[in-house]
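Here the numbering used here runs 1093 ahead of the position in the sequence shown, where the first position is 1. Backbone N, C-alpha and C define an ideal beta-carbon position, used for all residues, glycine too. See structure below.
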Amino acid sequence: MSQAAPSAVLSFEDARHLVEEHARHLRPSGKELVELLDGAGRILAEPIIADRNFPPFPRATRDGYALRAADLSELPARLHVAGEVKAGIAYGDLPSLTPGQAVAIMTGAPAPAGSDAVVMIEYTSRHGDEVEINRSVVAGENIVATGSEARRGERLLAPGLLLDHAAVAIAASVGRNHILVYRKPKVAVLATGDEVVDVDALPGPTQIRNSNSYSLAAQVLAAGAEPIILPIAPDEPRRLRELIADGLEADLLLITGGVSMGKYDLVEQVLGEFNGEFLFTGVQMQPGKPLVFGRIPTGANEHEHAEGASSAPAPVYFFGLPGNPISTMVTFELFARPVIEALAGRSSRKLAFLHARLKSEIKVKTGLRRFLPAVLSGEFERAEVELVGWQGSGDIASLARSNCYLVVPPEQASVPAGEWVPVLMR
Ligand code: AMP
Ligand code: MG
1094 MSQAAPSAVL
1104 SFEDARHLVE
1114 EHARHLRPSG
1124 KELVELLDGA
1134 GRILAEPIIA
1144 DRNFPPFPRA
1154 TRDGYALRAA
1164 DLSELPARLH
1174 VAGEVKAGIA
1184 YGDLPSLTPG
1194 QAVAIMTGAP
1204 APAGSDAVVM
1214 IEYTSRHGDE
1224 VEINRSVVAG
1234 ENIVATGSEA
1244 RRGERLLAPG
1254 LLLDHAAVAI
1264 AASVGRNHIL
1274 VYRKPKVAVL
1284 ATGDEVVDVD
1294 ALPGPTQIRN
1304 SNSYSLAAQV
1314 LAAGAEPIIL
1324 PIAPDEPRRL
1334 RELIADGLEA
1344 DLLLITGGVS
1354 MGKYDLVEQV
1364 LGEFNGEFLF
1374 TGVQMQPGKP
1384 LVFGRIPTGA
1394 NEHEHAEGAS
1404 SAPAPVYFFG
1414 LPGNPISTMV
1424 TFELFARPVI
1434 EALAGRSSRK
1444 LAFLHARLKS
1454 EIKVKTGLRR
1464 FLPAVLSGEF
1474 ERAEVELVGW
1484 QGSGDIASLA
1494 RSNCYLVVPP
1504 EQASVPAGEW
1514 VPVLMR
């Protein structure tokens, strides 16, 4: 039986890097073909290739006149108008230009053969079948050359990409009405604690309702996975063991509560009985210090079979998240999310905080990296942030008044008003 190393408390950065390193080796369990719009928010499982040149013809980007730039050496210039080209014109109807001629053209239309630039209509005046041009252009101006955005056969999107609206637009533009995405991983959520009762039950005077399973399930959904909420585990090893065994059927197991130093905090002990390997048992952060991360060996690994790689049994990773609701949410976002994204097939990305100006001075004890509930406000270029009053990491009501977390590095005892401070958006 492996046990947690007694001093496996890591700095925030080391803990995050360790999780990223383990996540790097995880793979999704399979792929599925979905309709284009059902792919929005999913992870792309195939390369998306340009089926034609982009643009497929030399595209005018302005309304005006297509002409030869060389015909404008003297201004104003008078050119003969040889026709009109609108967007979507049939290829056979395209006029061609001889020197000294111009063609009226609309945005999105193909520049006719013989033309090399478009002059905006604002710099012209029309006189019957002639046009006077009052501004010169250089060759290529206001025309996007065939294939200059992408060549036919070029890869436009790589597997592992989150399909946001821009990626959906690209898939649509190459004619993909169906698209291959990775299957969503299953994430088991197990709340523990004798005092915790389900949302449907009437809590006794010393009981509290289970909110963590629901906040976690919502976060799991938002991270692109499928949550499986298990029944609440009492602080009793036999039932806890059964429920952990159920949870290990999933691709990832999230346990909340029972990882502090209390007499009835049994999660680590029971995970140890499953031959759990503990990668860390604490992080120098607040909220979230008693965070546990590890893995448990299981049977054959379907995932790697699917990829045709090794058949070595793959472990199932677990997190023991602290039970305090804010700790649970923050540690999920910072540590469980990258593991879920890897299981979902998403390419890894570094954690980066945004910055806002601090509205009023804050003072904290040094030693731990803090993630404090805060309000981001201001407008446009002026992002401001301010702490909300809170009673510590169990204060769920403070969350209703906050919309982000203000990050204070461990060495910093105070931050003056007006300083740019890092913010973790929620
Ligand atoms: P623990 O990590 O088990 O020591 O729990 C820390 C605090 O979080 C205690 O006040 C618990 O009552 C509370 N807590 C634990 N689990 C939950 C849960 N599922 N929902 C809401 N609060 C919880
Ligand atoms: Mg507990």
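By alpha-carbon distance to Val1224, the top candidate from Lys1277, Glu1234, Leu1165 is Leu1165.
With contacts defined by Cβ atoms closer than 8 angstroms, Asp1291 and Ile1325 form a contacting pair.
Of all C-beta pairs linking the segment 1445 to 1464 to the segment 1494 to 1506, three or more are shorter than 8 angstroms, placing the two stretches in contact. Ser1491 has its Cβ no nearer than 7 angstroms to any heavy atom of the ligand AMP.
When distances are taken from the beta-carbon of Asp1358 to the heavy atoms of the ligand MG, the shortest one is below 7 angstroms. With a contact defined as Cβ atoms closer than 8 angstroms, Pro1383 and Val1352 qualify at about 5 angstroms.
Assignment of Arg1120 by DSSP, reduced to helix, strand and coil, places it in the coil class. For the set Arg1302, Ala1210, Val1409, Leu1447, the Cα lying nearest the Cα of Ala1343 is the one of Val1409. Taking all protein chains in view, the Cβ of Asn1270 is surrounded by fewer than 16 other Cβ atoms within 10 Å, so the residue is classified as exposed. Excluding five sequence positions before and after Thr1391, the CB atoms of its chain that fall closer than 8 angstroms to its own CB belong to Leu1341, Pro1406, Ala1407, Pro1408, Val1409, given in chain order. No Cβ-Cβ contact shorter than 8 angstroms links Leu1336 with Leu1250. When DSSP states are grouped into helix, strand and coil, Tyr1216 belongs to the helix group.
Annotation for Glu1366: the continuous alpha helix (DSSP H) segment containing it runs 1360 to 1366. Within a 10 Å sphere around the beta-carbon of Val1231 sit fewer than 16 other beta-carbons, which makes this residue exposed. For Leu1309, the enclosing alpha helix (DSSP H) has its first and last residue at 1305 to 1315.
When the beta-carbon positions are compared, Gly1413 and Ile1136 stay at least 8 angstroms from each other. CA-CA distance, Glu1113 to Leu1447, rounds to 20 angstroms.
The beta carbons of Gly1317 and Ile1433 sit about 7 angstroms from each other, so the pair counts as a contact at 8 angstroms. By the criterion of a C-beta distance shorter than 7 angstroms, Ser1304 is surrounded in its chain by Pro1418, Ile1489, once the five residues flanking it on both sides are discounted. In this structure, the alpha-carbon of Ile1198 lies about 11 angstroms from that of Leu1187. For Val1231, there is no enclosing alpha helix (DSSP H), as DSSP gives it neither H nor E. As summarised for the segment 1246 to 1292, the continuous alpha helix (DSSP H) elements at least 4 residues long and confined to that stretch are 1258 to 1266, given in chain order.
Cβ neighbours of Gly1246 within its own chain (closer than 8 angstroms, five residues either side excluded): Ile1142, Ala1143.
Here the alpha carbon of Ser1104 sits roughly 33 angstroms from the alpha carbon of Arg1332. Restricted to the segment 1313 to 1354, the beta strand (DSSP E) segments that are unbroken, complete and at least 3 residues in length are 1319 to 1322, 1345 to 1349, listed in chain order. Relative to the ligand MG, even the nearest heavy atom lies 7 angstroms or more away from the CB of Gly1365.
Shown here for Ser1441: same chain residues with a beta carbon closer than 8 angstroms to its own, the five before and five after excluded, namely Glu1113, Ala1116, Arg1117, Pro1431, Glu1434, Ala1435 in chain order. Residue side-chain check: Gly1351 places its Cβ nearer than 7 angstroms to a non-hydrogen atom of the ligand MG.
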